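**Q**
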Amino acid sequence: MPAKDIVSPDRRSLLKAAGAAAALSLAGRIPEAEAQAPVTLRAMTLQRAPLQMKAYEAMVKGFEAVNRNIKVEVLPVSQTDLWPKLAAAYAGGDVPDLVMQITSENAVSLHGQGLLQPVDDVVRALGEADFEPAAQNLFKDKGSYFAVPASNNCVSLLWYRKDLLGEAGLAPPQTWEQLVNVARRLTKGDKYGASMPYGKTAMTNSITWTLVYQAGGRIIAPDNSVVFNSDATVAVLEFLKEMHPFMPPGVNRYDFSDVLNAYVQGTSATCMYTGRAIVNVNNENPSIADHISCVPFPLRSLDRPWWSGAFESLIVPKAAKNAAAAKLFAAWNFKLDTYVEFINATPGHQIPMLKSVLASPDYLSHPLLVKYRKELDVTIDTLSKAHATAKPDDKSPLIVKAGEIQNSGIFAETIQRVVIEGEAPRRAAAWGQDRIARLMRG
Amino acid sequence: MKSLPMRLAGLAATGFTWLLVLAVTFPLLWMLGTAFKRPTELFAKPPTFFPHAPTLQNFVDVLEQTKFTIYATNSLIVATVTTLFVLVVATLGAHAMVSFKLMGRHVVARALLLCYMLPTTAVLIPIYLMIAGLGLANSLSGLIVAYTSLTLPFALWLMRAFFAGIPPEIEAAALIDGASRLRAFVDVVLPQALPGIVTTGVFSFLICWNEYLYSLVMINDDRTRTLPTGIMGTLVNGYAIEWGMVMAAATMMSVPLLLVFLFLQRYVVQGFGAGAVKG
Amino acid sequence: MLPSTLRDQALGYALLAPSLLLLGGLLGWPLIQAVLLSFYDMHPLTRRVIYVGLENYTDIFEDDMFWRAFANNFVWLAGSLFLQIGGGVVVALLLNRTFIGRGIARSLILFPYLMPVLVAALVWRWMLDDIHGIVNYAWIGMGLKRIDWLSTMPNAMVTVIVVGSWRVFPFVVIAVLARLQSIPQQLYEAAEVDGASRWSQFWDVTMPQIANVLSVIVLLRAIWDFREFDLIFLMTGGGPVIGTTTLPLLVYKEAFELFKMGKALAIAVVMMLCMLVLIAAYLRSVRNAPASEEIR
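Chains as they are written, first to last, in the working numbering: chain A, 1 to 442; chain B, 1001 to 1279; chain C, 2001 to 2296.
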């Protein structure tokens, strides 16, 4: 059956009409044979906070009401577990039909291994032009989409405490140098100046790209050679080492949640994080809710801006048993009411990658987004200039092993060698280079 | 009559013993204390040992916000089914190994020992591939198969030691009285072996209840997850570790079990002494 | 031993059959597969399988990570054995005395062993929390400097060894205690008459009596601890850097994080060979222990 028949081309009706009518027209296009056999769709997701899971429930309920032959199982998996889980699933022939909110490095790697189906039909049905240009550029390879851009989030932000910086007479930092100074000045007793990841964790691995790019370096050159061992990497390692004393004591184990918690609980005056800070502060420590704000993450040098977006997407593995149903549900992900409910389960964290939603009052009217409009604008603005780590600029080719590199933990180990074991940055960079080169060969 | 210094030394030794015992059990008590504390008291300086205002909120949160009951049910199913299955198989096997003069029993014993001591990680990948090949990936049945591979060698080994401890004359007497071998087994040997069976059951249940690696690798679906990976996945690798909830979950995962074991303590100790060490 | 007829043989094998089939299918076959696949390059996602001969083995022997994990494995093993055997014997001796509440103390001492690994790891992680943990609170209270228990070396290794030993030492206590209780009291009385001190009573009477049991316990624990994965993985994940990465963790990492299944299996095979040495030693030691005749 030709794939393009699966999804209704009528994107507007899909997005705008929350009613069942549009959805029925979508369902009406499933070929009969497909519709007769009941199907259980297994959809993995990487966004799995309780409210997000609730939003998925609503999304699934709406979908199942229209597509009576399809049952959707949402399988939450953590960023840390994703790679082992996928390895196991593929090795065992138990591949999910759809992976939702997968970060771009992983999507690119799976595509690089030739493991993904094209999803042009879904993208076209939703309206290609409505997606952010950076997303189009990233996910379209050789004229065909290998992933449906879903939503973005921006970890290249520095959250800071207006009250603490104000008392110390400090301005929000714009450069690494200024950040070191701010962190140093705000570290006192049990209070720390900053919170960034140094653990052998998913977050440490994912932010290393950003720092190296900010320092003017690359990890994989356009000709696919490994260029990790560079002055830029050394500068990153030195920067992280300099910042380390201003981090909470357990920072050597920090992952996403820990980095944010330190800030939310008031232990650190700044932290590198996405807009999730907004909702966590308001839920867990409202006493500082009026004192938080953010800036784009400081740069090594102002004339070399580089920020990253997660560019989360939806992918359909080639090995999916129910690809047609997976594409249907992928399109359903964007049905306006439940899409906004999902995005705003963590207001400010997930940012829509569809321009029409980004401008829609349904999205913007969330009370927390109204209250933190300035921070939201900083986030959106930073994201508009951001790139995916697997494609550091529009012209670079995709780094097809981005996921393998990131999940190998080599970045985190390189950093820990310098910060914890006191190895010279140059030597650690050379070690990392060697390890990445081995990985690229294998 | 002991001298005064001797008695003092004895008292000191007793005090020291109790201090050690309390230190060893302290983590358990700290877990309980934390589970009943409110978030504000959790981070209090100085820390309190007994919660000032004990609350069940952490437990309610765990039960309401996570799929704890589902994970617990899964763990219970997997552990119970595996244990019962393994007990039946191992009882027959151990009896055969001990009281039938089988040819090649020494080879079997050696092979068994090897299986018993095999590192889980070595066979994890092939076993996983096999279970997935059977179409059992991501299911409780798959876990039961995997856990059978973990517990059966252990159970056979332990049981073999217990059966070996039963005087052979008992069975011989029954046979002389005209009972068939099977009848003698059921009527005479089994009752004698019962404590050993209970002990083996306790330990294989514990192994299944505890297991982390297979469950991590094999299960993707939140509805077939077991307690260890479920708790790790939702409460620890989450977006914020709430220690109150984590300790409440830990309490619910361990305390009922500890109470049951306390009740079965005799068998547990036997397992340490008889089977595990001698065998 | 009972008389054995042909019918008996048949019945015996029938009873043994389920065990043999399951062991063969669930362990024997996978084991053979593990060895075979260690000569292949296997990528789990693409399911590409290429025969590479000994390359996985030369690869691991040239890899400093492997040697580090190998060394870590022995540090972990030696540290754990020393602590749990030493601690276990001392506690067993203490619990062998008559004192108030001995029964309760003997029950309480069992708890760590019966606690699920996950629960043990989580409780300790909470107690060792950098800012809010009770251990650091007490530590600083004693006027000492705040310590990173799990994220610097050698602290992380020491901590996992302590926690690991805490978890399993009750096994040693109970096993030794059982043996202690069977030592005839006359031996001590005779020694007392000879004027032996408590200390020399321990070395001259107790030790020889428990030596056999101890050597069996040491090897048994060595075999079990050598392959420990869960506790270390849950406590440190192998970090900092690869400070607490032992061979089982390296197997997991190569297979599921680096996608080198063949190399992972090669490491597993080397690990098994190491364990065979321990197992052989165990068999010898058991053979020498008169209390365990039936083992042969």
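The C-beta atom is built at its ideal place from N, Cα and C for all residues, glycine as well.
For clarity, every value in this text was computed on a predicted model and none was experimentally measured.
Looking at the unbroken alpha helix (DSSP H) that takes in N2056(C), where does it start and where does it end?
**A** Note, N2056(C): alpha helix (DSSP H), E2055 to E2062.
**Q** Which bits of chain C does V1268(B) rub up against, with CB to CB less than 9 Å?
**A** Residues of chain C passing the Cβ test: L2110, Y2113, L2114 and I2174.
**Q** Is DSSP giving Y2040(C) helix, strand or coil here?
**A** strand
**Q** Work out the CA separation of L1152(B) and A1174(B) for me, nearest whole Å.
**A** 29 Å
**Q** Tell me the DSSP secondary structure of L299(A) in three-state form.
**A** strand
**Q** For Q214(A) versus F297(A), is the C-beta spacing smaller than 9 Å?
**A** yes
**Q** For the segment 1210-1227 of chain B against the segment 1191-1200 of chain B, are there 3 or more C-beta pairs whose distance is under 8 Å?
**A** no
**Q** Could you list which residues in chain C have their beta carbon closer than 8 Å to that of A386(A), in chain order?
**A** By Cβ distance, chain C contributes nothing, its closest Cβ being about 27 Å from A386(A), past 8 Å.
**Q** Could you tell me which whole alpha helix (DSSP H) segments of length 4 or greater appear in the segment 1133-1180 of chain B?
**A** 1140-1164 and 1168-1176
**Q** Taking Cβ positions, are M2142(C) and I2134(C) nearer each other than 9 Å?
**A** no
**Q** Taking CB distances under 9 Å as the criterion, tell me whether T80(A) reaches chain B.
**A** yes
**Q** Within the continuous alpha helix (DSSP H) that includes M1247(B), where are the two ends?
**A** W1243 to F1263
**Q** Using beta-carbon positions only, say whether L1118(B) and S2019(C) come within less than 9 Å of one another.
**A** Between L1118(B) and S2019(C), the C-beta gap is not smaller than 9 Å, which leaves the two residues out of contact.
**Q** Quick check on DSSP: helix, strand or coil for Q531(A)?
**A** Because chain A in this structure spans residues 1 to 442, residue 531(A) falls outside the shown range and cannot be described.
**Q** Could you check whether L82(A) and I102(A) sit closer than 9 Å to each other, using their CB atoms as the reference points?
**A** yes
**Q** Please list, in chain order, the residues of the segment 2022-2033 of chain C that have any C-beta partner in chain B closer than 7 Å.
**A** L2022, L2023, L2026, L2027, P2030, L2031 and Q2033
**Q** Span of the alpha helix (DSSP H) holding S2200(C)?
**A** Counting along the chain, the alpha helix (DSSP H) containing S2200(C) begins and ends at R2198 to Q2201.
**Q** Could you check where the beta strand (DSSP E) with E73(A) kicks off and where it finishes?
**A** I70 to P76
**Q** Would you mind giving the Cβ-Cβ distance between S104(A) and A386(A), rounded to the nearest angstrom? I have them listed as a contact below 8 Å.
**A** Not quite, the Cβ-Cβ distance comes to about 11 Å (not below 8 Å), so this is no contact.
**Q** Answer yes or no: does any C-beta atom of chain B fall closer than 9 Å to that of L2015(C)?
**A** yes
**Q** Could you pull the start and end residues of the beta strand (DSSP E) that M1097(B) belongs to?
**A** No beta strand (DSSP E) holds M1097(B); the alpha helix (DSSP H) holding it covers F1068 to S1099.
**Q** Are there 16 or more other CB atoms within 10 angstroms of the CB of R2167(C), so buried, or fewer, so exposed?
**A** buried
**Q** DSSP on A331(A), reduced to helix/strand/coil?
**A** helix
**Q** Does R2146(C) get closer than 9 Å to chain B when you measure Cβ to Cβ?
**A** No - not a single Cβ of chain B is within 9 Å of the one on R2146(C).
**Q** Is the beta carbon of I2109(C) within less than 8 Å of some heavy atom of the ligand ADP?
**A** As presented, the structure is devoid of all ligands, the ligand ADP included, so that no description of it is given.
**Q** Are any of the Cβ atoms in chain B nearer than 9 Å to that of P2208(C)?
**A** no
**Q** Drop a sphere of 10 angstroms on the beta-carbon of E404(A), count the other beta-carbons inside from all chains shown, and report buried for 16 or more, exposed for fewer.
**A** Buried, because 16 or more other Cβ atoms sit within 10 Å of the Cβ of E404(A).
**Q** If V77(A) and M44(A) are in contact, beta carbons under 8 Å, what's the gap, nearest whole angstrom?
**A** 6 Å
**Q** Using a 10 Å radius around the Cβ and a threshold of 16 neighbouring Cβ atoms, would you call H1052(B) buried or exposed?
**A** exposed
**Q** Kindly list the residues whose CB is nearer than 8 Å to the CB of M2157(C), restricted to its own chain and excluding five residues on each side of it in sequence; keep chain order.
**A** N2072, V2075, W2076, G2079, G2243 and T2244
**Q** Quick one: what's K191(A) bridged to in DSSP?
**A** K188(A)
**Q** Answer with yes or no whether the minimum CB distance from I1131(B) to chain A is below 9 Å.
**A** yes
**Q** Decide yes or no for the touch test of the segment 2223-2243 of chain C against the segment 2048-2055 of chain C: beta carbon pairs closer than 8 Å, at least 3 of them.
**A** No, because fewer than three Cβ pairs between the segment 2223-2243 of chain C and the segment 2048-2055 of chain C fall closer than 8 Å, the two stretches do not touch.
**Q** Whose Cβ in chain B lies nearer than 9 Å to the Cβ of Q2009(C)?
**A** Under the 9 Å cutoff, chain B gives F1100, K1101, L1102 and M1103.
**Q** Note down the Cα distance separating A135(A) from L1235(B), rounded to an integer number of angstroms.
**A** Computed Cα separation, rounded: 33 Å.
**Q** Mind checking whether L1150(B) and F1203(B) have CB atoms under 9 Å apart?
**A** no
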